[in-house]
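Asker: Read in order, the letters of the sequence shown correspond to residues -19 to -1, 1 to 227 in mature numbering (1 follows the signal peptide of the UniProt record, and there is no 0).
Just so it is clear, CB atoms sit at the ideal spot from N, CA and C, and this is done for glycine as well.
A quick note: this is a predicted structure, and the numbers were derived from the prediction, not measured.
One structure follows; several queries about it will come next.
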Amino acid sequence: MKESVVIWLALLIPVLSFAQNTHLASAGPSTDTNVAPKKPLDLKERRIIPLFGEVSKTSEQIDEEIKFLSECDKSFSSRTEASSFFATRAWEYLQEGSLDTACYRFNLAQLLNDKNVEAYWGLGVVSYQRENWVDAKRMLSKGVSLQGDNVPLLVDLSTVELKLYAITSRKEELDEASALLKHAVSIDSTYALGQYNLALLHYNLNELDKSWEHLHKGRTLDFTQLNLDFVELLKAKMPDPQGFFK
């Protein structure tokens, strides 16, 4: 299983600056009629955006894909195996910070097997690290639709929902995060990041007792994931009922 790349601690960073340059669909189209239309992306540009941009394929792209698939058919016992290979390499590039290369490898993994959860998961993480929250949600949601009981994936998607709430203040994001986390915890309550995300969820709902409860559950499961800045924010609103954090 992949190492966790989406970290809940980032949710606590003020997001006002992000809101001015967000990719949110709710932002609506520009009203400036003088803006020149965007030129179509060339193949090189398509390779490094999720699912090649999800636009109609050019003849050049189709030819390249046919050649790629043919080569994989010769080199691997199945396209499923080839897809897993490219996804594994993509995670390695991602952990090195090579987002463009990782994105291209995840795209190839999805091309080989459109049921490969790791491909969508990885594209979601790439989008998250690029601060493209809507694409992150869309890609991770595709993964969840294929593997709805994958606890780390559910928690990663809840992380994106919490980030979107921090930007938009729309309660629907909190509701979606809550549903994801309740489902995740019902499957595995020992996944520390799930507990930490629940702490943040209840903090946003001003349910401070519950926030402390889940923070302590997370702390006992994995102290290394604890965000001390969040602890200070929570303490400022309500002292630690257990007295652990003075």
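Any contact of the segment 64 to 77 with the segment 86 to 100, i.e. 3+ C-beta pairs under 8 Å?
Answerer: Yes: the two stretches touch, three or more of their Cβ pairs being nearer than 8 Å.
Asker: Taking the C-alpha atoms as reference points, what is the distance between Phe33 and Leu92?
Answerer: One C-alpha to the other measures close to 10 Å.
Asker: Please report the straight-line C-alpha distance between Lys55 and Leu207, rounded to a whole angstrom.
Answerer: For Lys55 and Leu207, the distance between alpha carbons rounds to 47 Å.
Asker: Kindly indicate the opening and closing residues of the alpha helix (DSSP H) around Val132.
Answerer: From DSSP, the alpha helix (DSSP H) with Val132 extends over Val132 to Thr149.
Asker: Leaving out the 5 sequence neighbours to the left and right, which residues in its chain are closer than 7 Å to Ala17 when beta-carbon positions are compared?
Answerer: For Ala17, the predicted model reports a pLDDT of 48, less than 50, meaning its position is unreliable and no value from the coordinates is stated.
Asker: Would you mind listing the beta strand (DSSP E) stretches within the segment 28 to 110 that are 3+ residues and don't spill past its ends, in chain order?
Answerer: Entirely contained in the segment 28 to 110, not one beta strand (DSSP E) run reaches 3 residues.
Asker: Among Leu179, Leu155 and Ser192, whose alpha-carbon lies nearest the alpha-carbon of Val166?
Answerer: Answer by Cα proximity: Leu179.
Asker: Below 6 Å CB to CB, which residues in the same chain sit around Leu196 once its five sequence neighbours on both sides are set aside?
Answerer: For Leu196, where only same-chain residues beyond five positions count, the Cβ hits under 6 Å are Ala180.
Asker: How would you call Ser187, buried or exposed, if buried means at least 16 neighbouring beta carbons within 10 angstroms?
Answerer: Per the sequence shown, the amino acid found at residue 187 is Asn instead of Ser. Classification of Asn187: exposed, given that the 10 Å Cβ count is below 16.
Asker: Measure the C-alpha to C-alpha separation of Val115 and Leu182 and round it to an integer number of angstroms.
Answerer: Computed Cα separation, rounded: 19 Å.
Asker: Could you tell me if Met219 is buried or exposed, where buried requires 16 or more neighbouring beta carbons within 10 angstroms of its beta carbon?
Answerer: Looking at its Cβ environment, which holds fewer than 16 other Cβ atoms inside 10 Å, Met219 is exposed.
Asker: Using DSSP with H/G/I as helix, E/B as strand and the rest coil, what is Ser167?
Answerer: Helix.
Asker: Is it buried or exposed, Glu77, if we count other Cβ atoms within 10 angstroms and call 16 or more buried?
Answerer: Exposed: under 16 other Cβ atoms inside 10 Å.
Asker: Here's the rule: buried if 16 or more other CB atoms are within 10 angstroms of the residue's CB, otherwise exposed. What is Thr140?
Answerer: Buried, since its Cβ has 16 or more Cβ neighbours within 10 Å.
Asker: Check each candidate in Ser40, Ala90, Lys96 and Val107 and name the one with the smallest Cα separation from Lys30.
Answerer: This sequence places Ile at residue 30; Lys is not what is there. Checking every option, the nearest Cα to that of Ile30 belongs to Val107.
Asker: Would you report the Cα separation of Phe57 and Ile47, rounded to the nearest angstrom?
Answerer: When rounded, the distance between both Cα atoms is 15 Å.
Asker: Just mark Val36 as buried or exposed, buried being the case when its beta carbon has 16 or more other beta carbons within 10 Å.
Answerer: By the 10 Å Cβ count, Val36 comes out exposed.
Asker: Mind checking whether Leu22 and Glu45 have CB atoms under 8 Å apart?
Answerer: No, Cβ-Cβ distance for Leu22 and Glu45 is not below 8 Å.
Asker: Report all residues from its chain with a CB closer than 8 Å to the CB of Val132; omit the five preceding and five following residues, and keep chain order.
Answerer: Hits under 8 Å: Ala165, Ile168, Asp169, Tyr172 and Gly175.
Asker: Who are the near neighbours of Lys216 in its chain, counting only those whose CB is closer than 7 Å to its CB and skipping five residues on each side?
Answerer: Hits under 7 Å: Phe226.
Asker: With burial defined as no fewer than 16 other Cβ atoms inside 10 Å of the residue's Cβ, what is the status of Gly124: buried or exposed?
Answerer: It is buried - the Cβ of Gly124 has at least 16 other Cβ atoms within 10 Å.
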